[in-house]
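The numbering of the sequence shown is numbering that gives the first Met the number 0, which starts it at 0 and goes up by one.
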Amino acid sequence: MTYIFINPVVDSMYIKKELDELLLRNGYTRVAVKEDWHKIVKEKYNKALKLTGKTILDRRCPLAIDTITEYISDNDTFIPEIDPILIHCGIEIANMEDLRGHQKIITTPCESLASYGNSKKLKDTTFISWKEFIKHLN
């Protein structure tokens, strides 16, 4: 059995019942997170904002951070070590005891977030962009 987490952006673009049926026909069972990672990550950023007087840049887009890093000054900006919401979701799913030993797929809105997620090397867990996942399904 392969479990799949559909990122919320993609999820909102489809009719849930139809998407679930498509996934099941192709051997995937949808899984959800228990924690409210949106709220938790937002609280982490609010805490970081209170601790610094600098402009805070968030890590939702790893490609954007990689691109601008050489052009910004540590004197003016702060990039807290806070993983994107979707990465937190993937970590939670990878560590679910009842899914241990099963393959888990985490869909992302882009390749850079998928690459970043895969760099975490979570056991039995693969991050893949929605575009690539759909290609895989034909």
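From the three backbone atoms N, C-alpha and C, an ideal C-beta is built for every residue, glycine too.
{"Check": "Classify residue 85: buried if its beta carbon has 16 or more other beta carbons within 10 angstroms, exposed otherwise.", "Outcome": "buried"}
{"Check": "Below 6 Å CB to CB, which residues in the same chain sit around residue 136 once its five sequence neighbours on both sides are set aside?", "Outcome": "25"}
{"Check": "For residue 128, count the other beta carbons within 10 Å of its own beta carbon; 16 or more makes it buried, fewer makes it exposed. Which is it?", "Outcome": "buried"}
{"Check": "Within this structure, are the beta carbons of residue 117 and residue 106 separated by less than 8 Å?", "Outcome": "no"}
{"Check": "With DSSP as the reference, label residue 124 as helix, strand or coil.", "Outcome": "strand"}
{"Check": "Ordered along the chain, which non-local residues of its own chain (more than five positions away) have a Cβ less than 6 Å from that of residue 56?", "Outcome": "76 and 78"}
{"Check": "Within the segment 35-95, note down every full alpha helix (DSSP H) run reaching 4 residues or more, in order along the chain.", "Outcome": "36-50, 61-67 and 84-93"}
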